[in-house]
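*Asks:* Residue numbers for the sequence shown follow our numbering, beginning at 48 and rising by one.
Think of the CB as a built atom: it goes at the ideal place given N, C-alpha and C, for glycine as much as any other residue.
The structure is given below, and queries will be raised subsequently.
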Amino acid sequence: MSCESLWINVGLATFDPRALPGDPYGIIEDAALAVDQGRILWLGPRAELPVKFQPRLVHDGKGAWITPGLVDCHTHLVYAGNRANEFEARLEGISYAEIARAGGGIAATVAATRRASLDELVSSSSARLARLVAEGVTTIEIKSGYGLTSASELQMLRAARALAALYPVHITTTLLAAHALPAEFEGRPEDYVSLVCDEMIPDAARLGLADAVDAFCETIGFSEAQTARVFDAARRFRLPVKLHADQLSDGQGAALAARFGALSADHLEYTSAAGVAALAKAKTVAVLLPGAFYFLREKQLPPIDALRREGVPIAVATDCNPGSSPCTSLLLMLNMACTLFRLTPAEALAGATRSAALALGLGHCKGRLAPGWDADLAIWQVGHPRELCYAFGSNPLIESVYAGQAHGPG
Ligand code: DI6
Ligand code: FE
């Protein structure tokens, strides 16, 4: 039977809940994993490997561990410039919201991003993507949201798509035109929302540039009603939605996301018990972003216990962006999800694999090691997968594989 490659002498952390009921890692020790045509053909204890497989390549893992390739399900990776000056200002006591109201914040990155050419955006973002890929990320979501004109938002999405040709990684794109009110629409938010609904969403959908639509529902972003208008437009173009919800205040974002059957509701620091219950009912993934929580020195923790109790899938992502999380390490986010949010290492790892894939609508093909799933693998020099959450500031990746194509750590 055709089999392109086979890994032996490895441990597997499958994150497949069907693999070993009760084991949150879905561990198979002394395992074998067979790949053919970019998909996982078979996996299990090595002793049970069917003799019918005739692999063309055999990799001896020498006791390494394989996890699903990591999935970074919330990033603003494409942008120009940086905001280190605002970091300094915040350390002098000025708040993130005050900076935004004074015309800095997202608006500062919008100005820089509008000035950048497509090539400039691709090359500055490419350096960031290289660092994520070197840590075993094989799927990444990239949002627009720093253009805020039709042309500039589409250019951001084109830059995101172009990155897929440069790295062995699957990229999904999200139109976040409702990220901030551009200065030229000051005092006319409804007009800007109309532009988003009547022009940007239709154009992005027609050109196949967006896989989803997101909005920033917040006092310094868009209201519940304005967000609902954006989501109605997304629905007309059959685009799934996601939401920056309840990050800085309880704007009823989680319940709104749930009402629209959102793939995910992200941040959630101020989400109420009712919001969590709504997410559970809608099967919306809760995406936690410890980098933004840390960098903005937030005090209000997301409702982790309630999310657990209600069985809401929890994902963890970098939120890579120049204002609230200038971070290109998903491994560091795993550690912070444990230390700051008290997730268990198994929960954090499931959050950057299985649940992150769900948050992108890719739960059927990415984020777990299972027969038929894409052969996106990360191979680690660790004694147990929990070490990926324990150590920080180091990178034990040996090799990653994207849909059957092996490559070095970068
Ligand atoms: N919330 C965030 O954390 C990012 N966007 C958002 O809506 C931050 C964006 C920025 O400050 O540039
Ligand atoms: Fe974000």
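Return the residue from the list 363, 208, 61 that minimises the CA-CA distance to residue 422.
*Replies:* Measuring from the Cα of residue 422, the nearest candidate turns out to be 61.
*Asks:* Under the DSSP definition of a beta bridge, which residues are partnered with residue 323?
*Replies:* Answer is none; residue 323 lacks a bridge partner.
*Asks:* Roughly how many whole angstroms lie between the Cα atoms of residue 354 and residue 68?
*Replies:* One C-alpha to the other measures close to 21 Å.
*Asks:* Would residue 94 be called buried (16 or more neighbouring beta carbons within 10 Å of its own) or exposed?
*Replies:* With fewer than 16 other Cβ atoms within 10 Å, it is exposed.
*Asks:* In angstroms with no decimal places, state the Cα-to-Cα distance between residue 371 and residue 144.
*Replies:* The straight-line gap from Cα to Cα measures roughly 11 Å.
*Asks:* For residue 82 and residue 400, what's the separation of their Cα atoms in angstroms?
*Replies:* Going from the Cα of residue 82 to the Cα of residue 400 covers about 19 Å.
*Asks:* Just how far apart, CA to CA, sit residue 337 and residue 437?
*Replies:* Rounded to the nearest angstrom, the two C-alpha atoms are 15 Å apart.
*Asks:* Buried or exposed: where does residue 328 fall if 16 or more other Cβ atoms within 10 Å of its Cβ makes it buried?
*Replies:* Exposed, by the Cβ-count rule.
*Asks:* Taking only the alpha-carbon atoms, compute the straight-line gap between residue 364 and residue 121 and give it to the nearest angstrom.
*Replies:* Straight-line Cα distance between these residues: approximately 6 Å.
*Asks:* If we count the other Cβ atoms within 10 Å of its Cβ and call it buried at 16 or more, is residue 134 buried or exposed?
*Replies:* Flag for residue 134 reads exposed.
*Asks:* Examine the ligand DI6 and report whether any of its heavy atoms sits within less than 7 Å of the Cβ of residue 152.
*Replies:* Yes, since a heavy atom of the ligand DI6 falls inside the 7 Å radius drawn around the Cβ of residue 152.
*Asks:* At which residue ranges does the stretch 135 to 161 contain complete alpha helix (DSSP H) runs of 4 or more residues, listed in the order of the chain?
*Replies:* The stretch 135 to 161 contains these whole alpha helix (DSSP H) runs: 143 to 148.
*Asks:* Look at residue 222 and residue 246 and say whether their C-beta atoms are less than 8 Å apart.
*Replies:* No, the pair does not count as a contact, with Cβ atoms beyond the cut-off.
*Asks:* Is the beta carbon of residue 163 closer than 8 Å to that of residue 127?
*Replies:* In this structure, residue 163 lies closer than 8 Å to residue 127 by Cβ.
*Asks:* Looking only at its own chain, which residues have a Cβ that is under 6 Å from the Cβ of residue 300, when we skip the five neighbours before and after it?
*Replies:* Only 264, 290, 292, 293 meet the Cβ criterion.
*Asks:* Am I right that residue 348 and residue 316 are in contact with their C-beta atoms under 8 Å? What's the rounded C-beta distance?
*Replies:* With a Cβ gap of about 7 Å, residue 348 and residue 316 count as contacting.
*Asks:* From which residue to which residue does the beta strand (DSSP E) around residue 447 run?
*Replies:* Start and end: 444 to 449.
*Asks:* Would you check if there are 3 or more beta carbon pairs closer than 8 Å linking the stretch 223 to 239 to the stretch 259 to 275?
*Replies:* The stretch 223 to 239 is in contact with the stretch 259 to 275.
*Asks:* Thinking C-beta only, is residue 116 closer than 8 Å to residue 160?
*Replies:* No, they are not a contact pair.
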